[in-house]
Every structure is written in C-alpha cells, then in structure tokens.
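Have a look at the structure below, then the notes.
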Amino acid sequence: MQWQKLVVQVNNQARAAVENVLLEAGSLGNQLITDQLSEQIKIIGYFDQDQDLSVKIKEINSRITELKTFGLDPGRVDLQLEQINETSWIHQWEKYYNIQHISRFLTIVPRWKDYQSKDSRETVLRLDPGKSFGTGMHPTTVLALHQLEFLLKPNTRVFDVGAGSGVLSIAASLLGSGEVVAFENDPEAVLAAKKNLALNPMAQKVSFHQSNLLAAADGKADLMLANILPEVLVQLIPTVGNYLVHNGRFILSGINSAKEKLIIDLLAANGFVIESSSQMQDWCALVAKFEQD
C-alpha cells in the first residue's frame, strides 16, 4: 500500500501550530525532526494515498504563512511531497518512536523495544502505533495521561471518546479503573486499539466500539476522556451530561490555546465547573466536574 509523506520545513517557534495544521488537514500522524545547529525543523505528516493533496498543500502553505498574524514566525517555509510504501511507513515509526517516561510511574514502551522496569510501582504500557492513530508522544496525549493518573480512582467506570490507538483506555485500566468503554469512529483505529490491548494482558474490562462520539454509549461513566480537536469537542460537550454521573469528571485534551476560552465557555453553559487547566507547548487540557442535576 502507498502513502503520502508531506515534509514541512519551518522555524521551531511554529512547531505546535504547524502540527495542528497538518492534523486538521487530515494527517494520520506527525513526526518531528530537529537540527540542534539550526532553528529550522522538519514536521512530517502522513496522508492516505487516496487523499488529493494538490489543493490541500496550497491551503496548508497559506495557513502556515498566516501564522505571522498570530505572532508566530514560521521562517522560511518549504513543503515537499513524497510517496512511500507501507514497509517504509512502519520503518519510519520504529526509527523515531522511543520509550516515553510519561511520569515517574507511567511509561509507554514500543512493541519492538526491550524494557524491564526497575520499580514495582511503575505502570508499563506497551504500544504499537500501527498507522499512527496515536503514539502517546503528542503533548495532548501526555497532558491527558497526567490528568488521568492524578484523578483516576479504583473501580471507576471510564468512557474514552475518540480512543484512537487506545492509549488512554489501556492506561486507565492499568492504573486501576473498574471498566473502560471506548468509542472510535475509524474502524482501522478500532482494530489498532484492540491489537494494543492484546499487548497489555494486565488491562482488563476494556472494550472498543466503532461509534460516532457517544452514539453507541450505554449508561453513565464516573470519568470521561476526550483527546480530540476543539471542533469535535464542540459537538461532543452538549451531549456529555447524558452519559456522566453527577459530580463526574471530564478530562478534555486536544485543545490549542487559542480555543481554550471557547471550550471553557461551552462547558459552563452545559453544567460543568472547571477544576484545573494544564498546558504543554501551545496545547492545554482541562478537567471539568459535572454539577448539573
């Protein structure tokens, strides 16, 4: 199978914004290549072969150039499109995807890496990103994992909306949740998540369902996770109260800083109180409590 690889060269200052531009354009995952001797970096977005990028490349270039109006200097912008086969795709991920110490006691380990924990308190999550439905490397995932590790109580029922490769769902189970029900619209991502679940036999009572947001949800959760783009969160938030217990928590990530106020205002209008906000680069995560009866 063939894939399209779009290499974007910009200044490091614009890194987070350009990553978001590529994701919104349909990139299935991004990689970052840095040069310590230069401010210039390369951000690589991977796109399905069936996508016509001839028009999108012009839009991507235009959006990156417009970053100057927001106070971000992308520097000299260069875009190069390449064709790669699936073997090369997998090789690229294995080359750049390394062991990630998310916190003192939570570590994500690629399937092909040998890792032996030296601390009995450490939770090790093994992962194969497949076609890049989520590697745990992106700041939005790291932020969500930090909040999950802090908030999760034993035997909690968790809903994970937009589960991707299942990173948050599997982590929730390994950290002690009672049941995790995950929803993902992309059928290939659901398959990738199930394969990752099989790599973590200690993760119990986790189920993945193909679903548009909460369409397939049944009952209510004590804790809800959503690491998805703001445009999708806007659709999701008005429905969350129907599937979350009173005083239940909602962890939202995937929010670029420019959209934080929009999401906070929408949460308040739907019965939520903001408990905390955390930030990494130009991304933020929110924890909200559902107080509406």
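Going by the numbering used here, the first residue of the sequence shown is number 258, and it counts up by one from there. Note that CB positions come from ideal geometry on N, CA and C, so glycine has one too.
First and last residue of the uninterrupted alpha helix (DSSP H) at residue i
| i | result |
| --- | --- |
| Ser426 | Val424 to Leu431 |
| Ile321 | Leu310 to Thr322 |
| Lys546 | No alpha helix (DSSP H) contains Lys546, which is instead part of the beta strand (DSSP E) from Trp540 to Phe547. |
| Val334 | Per DSSP, Val334 belongs to no alpha helix (DSSP H) and is neither H nor E. |
| Ala526 | Glu517 to Ala526 |
| Pro444 | Pro444 to Ala455 |
| Asn277 | Arg272 to Glu281 |
Run of the beta strand (DSSP E) containing residue i, from where it starts to where it stops
| i | result |
| --- | --- |
| Asn287 | Asn287 to Thr291 |
| Arg368 | Arg368 -> no beta strand (DSSP E), and no H or E assigned at all. |
| Ala401 | Per DSSP, Ala401 belongs to no beta strand (DSSP E); it is in the alpha helix (DSSP H), Pro396 to Leu408. |
Residues that residue i bridges to, as DSSP identifies them
| i | result |
| --- | --- |
| Lys477 | Lys477 pairs with nothing; no bridge assigned. |
| Tyr303 | Lys262 |
| Thr380 | Leu363 |
| Leu501 | Ala478 |
| Gln483 | Here residue 483 is Ala; the residue named in the question, Gln, does not match the sequence. Answer by DSSP bridge pairing, in chain order: Val418 and Leu509. |
| Ile203 | Because the chain here runs from 258 to 550, residue 203 falls outside it and cannot be looked at. |
| Ala439 | Asp417 and Phe465 |
| Gln357 | Ile365 |
| Ile531 | Ala545 |
| Ile341 | Trp260 |
Anticipated Cβ contact below 8 Å, residue i with residue j, distance rounded
| i | j | result |
| --- | --- | --- |
| Ile298 | Val267 | 7 Å |
| Ala478 | Leu454 | The pair is not a contact, with the Cβ atoms about 18 Å apart (cut-off 8 Å). |
| Ile494 | Leu470 | So it is not a contact: roughly 10 Å between Cβ atoms. |
| Leu329 | Gln270 | 6 Å |
| His395 | Ser360 | Actually they do not touch by this definition, with Cβ atoms about 16 Å apart. |
| Trp540 | Leu400 | 7 Å |
| Leu431 | Leu382 | 6 Å |
| Leu480 | Val424 | No, Leu480 and Val424 are not in contact; Cβ-Cβ is about 16 Å, not under 8 Å. |
| Gly498 | Phe547 | 6 Å |
Beta-carbon proximity check, residue i vs residue j, cutoff 9 Å
| i | j | result |
| --- | --- | --- |
| Tyr303 | Ser319 | no |
| Ile301 | Val264 | yes |
| Pro487 | Leu456 | no |
| Ala545 | Val530 | yes |
| Ala282 | Leu324 | no |
| Ser535 | Ala525 | no |
With contact counted as at least three CB pairs below 8 Å, one residue from each stretch, are the region 411–422 and the region 435–450 in contact? Counting Cβ pairs under 8 Å, three or more are found: they touch.
Meets three-Cβ-pair contact criterion under 8 Å: the region 502–520 and the region 404–415: Yes, the region 502–520 touches the region 404–415.
Taking contact to mean at least 3 C-beta pairs separated by less than 8 Å, is the region 460–469 in contact with the region 432–447? These segments touch.
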